[in-house]
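In the numbering used here, the protein residues as written are 712 to 1185.
Written below as structure tokens is the structure these notes are about.
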């Protein structure tokens, strides 16, 4: 194993985050920043800034009351370092959201240019939403996609437009504020996010994407994504996330609600590279009707602490769900992730296939829940979790749970925790490959089931992140 001195490791650590670790100062002249902390006054100020209808203002206040009366989760990684009194819940640029990229303010535009968003839009996306801190700054959808009746807009516009009744019908019905403390927090201070509606029978051939950038130090991001894929429709939605690193805590407590109707299909892909001072307490949930399909593809490479367990509720007969994910935990990271499957309808099926990599003292915990209700006859569920530890300082745990209420079902589970094979490293080195490159190649191969499920440009990004994380990590 190659030896690296401390100085060289420091340089490598700097390289590791350089692509995403840039930031622009946010002055009071151009940015509105509410006071730190959480209070009735702050929630009402957010509501006023967003010109909420009366029902949403009341919803926020009820959510705040729930938040104040709920205990902080104590079963996962410690979040003692997160103090809401130090978090700004609302930060936005004073300009309006733009539909023309050239009209976006230069510092924000430069941020997204560096992240490759405009290029991705031109080459491979049907529409793009770009959020900077608490609000979207840019949103567009291709004319030919809009002509199909597809609605892709920011949630605030939908809340005040012709889809206002639909928003009220679906908003936080899958993830009610009473679900957990940070769902209640989200209900009180949510801001930004996207609304997507795909009409019956419409198949969107190229993906839509939302990208979330949290630039402000000591701030929270609470975007809400609401997607409805109507009967027989088909959509691929991509979510990207990043933030520069600060020496103070940042918080991400977004919410994703996905409604997959009869015979519809939705693929929801996420590549997260939050900074390693981020507390990622996100909630994602889908409900699937008869013969509908939800596919989750998830790559998580950032955060100081994560609690993230996308849930699929297989309500309709013949509905299906598949979750494919990889988590990479390095020094100072404690990532508690997994998935949940709830079988309600008959002949439902689910697959969970997760992989995790731990290095440099990082901790990965795989936590899953498969529930098969009494009426879910002939359901099938399979869970596979594989963990790879790259050194003796790292840790990996698996905590699977199953609640099966019927005998007429087929359930399988396998778990494997291991290390990189010295023989495999030796073989690659005998072919002229350096030790670090050999280990990075093995990890990339381990992650391949996730990367192959992504569009090419996003698979390349994920593999690049693995290479950066692995570089000098031994």
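For each residue, glycine too, the CB sits at the ideal point set by N, CA and C.
*In three-state terms, what does DSSP make of residue 901?*
Within the chain shown, numbered from 1, the residue matching residue 901 stands at position 190. Note: residue 901 maps to coil in three-state DSSP.
_Per-residue burial, residue 1077 [other beta carbons within 10 Å of its own, 16 or more giving buried]_ = If you number the chain shown from 1, residue 1077 lands on position 366. With 16 or more Cβ atoms within 10 Å of its Cβ, residue 1077 is classed as buried.
*Measure from the alpha carbon of residue 785 to the alpha carbon of each residue in 986, 1033, 1018, then state which is nearest.*
Within the chain shown, residue 785 is the residue found at index 74, counting from 1. Of 986, 1033, 1018, the residue nearest in Cα terms is 1018.
_Bridge partners for residue 1007 per DSSP, in chain order?_
In the chain shown, the residue the question calls residue 1007 occupies position 296. DSSP output for residue 1007 lists 979, 1034 as bridge partner(s).
*Is residue 1068 closer than 7 Å to residue 1079 when the C-beta atoms are compared?*
Within the chain shown, the letter at position 368 stands for residue 1079. Within the chain shown, the letter at position 357 stands for residue 1068. No, the Cβ-Cβ distance between residue 1079 and residue 1068 is not below 7 Å.
_The alpha helix (DSSP H) enclosing residue 961, as first and last residue numbers_ = The count along the chain shown starts at 1 and reaches residue 961 at position 250. Here residue 961 belongs to no alpha helix (DSSP H); instead the beta strand (DSSP E) covers 961-963.
*Could you check what DSSP says for residue 761 in three-state terms: helix, strand or coil?*
Numbered from its first residue, the chain shown carries residue 761 at position 50. Three-state DSSP puts residue 761 in coil, outside helix and strand.
*asked:* Less than 7 Å between the C-beta atoms of residue 966 and residue 886, yes or no?
replied: On the chain shown, residue 966 is found 255 positions in, with the first residue counted as 1. On the chain shown, residue 886 is found 175 positions in, with the first residue counted as 1. Closer than 7 Å, so yes.
*Report buried or exposed for residue 901, applying the criterion of at least 16 other Cβ atoms within 10 angstroms of its Cβ.*
Counting from one through the chain shown, the residue named residue 901 turns up at place 190. Buried, by the Cβ-count rule.
_Can you tell me whether residue 1133 is buried or exposed? The criterion is at least 16 other CB atoms within 10 Å of its CB, across all chains shown._
The residue labelled residue 1133 in the question sits at position 422 within the chain shown. Burial call: exposed.
*Starting from residue 1160 and walking both ways along the alpha helix (DSSP H), at which residues does that stretch end?*
Start at 1 with the first residue of the chain shown, and residue 1160 comes out as number 449. Start and end: 1146-1162.
*For residue 904, the nearest candidate out of 897, 916, 921, 894 (CA to CA)*: Numbered from 1 along the chain shown, position 193 holds the residue referred to as residue 904. Cα-wise, what sits closest to residue 904 is 921.
_Exposure of residue 891, with buried meaning 16 or more beta-carbon neighbours within 10 Å_ = The residue labelled residue 891 in the question sits at position 180 within the chain shown. Classification of residue 891: buried, given that the 10 Å Cβ count is 16 or more.
*asked:* If you measure between the beta carbons of residue 906 and residue 869, is that distance less than 7 Å?
replied: Locating residue 906 in the chain shown gives position 195, counting from the first residue. Locating residue 869 in the chain shown gives position 158, counting from the first residue. Cβ atoms of residue 906 and residue 869: closer than 7 Å.
*Could you give the C-beta distance for residue 801 and residue 760, rounded to a whole number, given that I count them as a contact under 8 Å?*
Position 90 of the chain shown, counting from 1, holds the residue named residue 801. Position 49 of the chain shown, counting from 1, holds the residue named residue 760. Their Cβ separation, rounded to whole angstroms, is 7 Å, which keeps residue 801 and residue 760 in contact under 8 Å.
*Hey, could you find the ends of the beta strand (DSSP E) residue 1017 is sitting in?*
In the chain shown, the residue the question calls residue 1017 occupies position 306. Here the beta strand (DSSP E) through residue 1017 covers 1016-1019.
*Count the other CB atoms, across all protein chains shown, that sit within 10 Å of the CB of residue 941; report buried if there are 16 or more and exposed otherwise.*
Counted from its first residue, the chain shown places residue 941 at position 230. Flag for residue 941 reads buried.
_So, at 6 Å on beta carbons, what are the nonlocal neighbours of residue 1127 in its own chain, with the 5 sequence-adjacent residues on each side left out?_
Against the chain shown, residue 1127 aligns to sequence position 416. Here the set comprises 1097.
*Quick one: is residue 769 buried, meaning 16 or more other Cβ sit within 10 Å of its Cβ, or exposed?*
In the chain shown, counting from the first residue as 1, residue 769 sits at position 58. Exposed: under 16 other Cβ atoms inside 10 Å.
_Whole runs of the alpha helix (DSSP H) within the region 1076-1138, excluding any shorter than 4 residues_ = none
*asked:* Could you tell me the alpha carbon to alpha carbon distance between residue 975 and residue 1001, rounded to whole angstroms?
replied: Your numbering for residue 975 matches position 264 in the chain shown. Your numbering for residue 1001 matches position 290 in the chain shown. Computed Cα separation, rounded: 9 Å.
_Across the region 1139-1155 and the region 1107-1124, are there enough close Cβ pairs to call them in contact, namely three or more that are closer than 8 Å?_
no
*State whether the region 743-756 contacts the region 1005-1022, with contact taken as three or more CB pairs (one from each stretch) at a distance under 8 Å.*
no
*C-beta contact flag for residue 947 and residue 993 at 7 Å*: Counting from 1 along the chain shown, the entry for residue 947 is found at position 236. Counting from 1 along the chain shown, the entry for residue 993 is found at position 282. In this structure, residue 993 does not lie closer than 7 Å to residue 947 by Cβ.
_Alpha-carbon spacing of residue 1112 relative to residue 912, whole angstroms_ = As a working note, residue 1112 is residue 401 in the chain shown. As a working note, residue 912 is residue 201 in the chain shown. Roughly 37 Å between the two C-alpha positions.
*Using the DSSP secondary-structure output, state which residues sit across from residue 770 in a beta bridge.*
As a working mapping, residue 770 is identified with position 59 in the chain shown. Bridge partners of residue 770: none, in fact.
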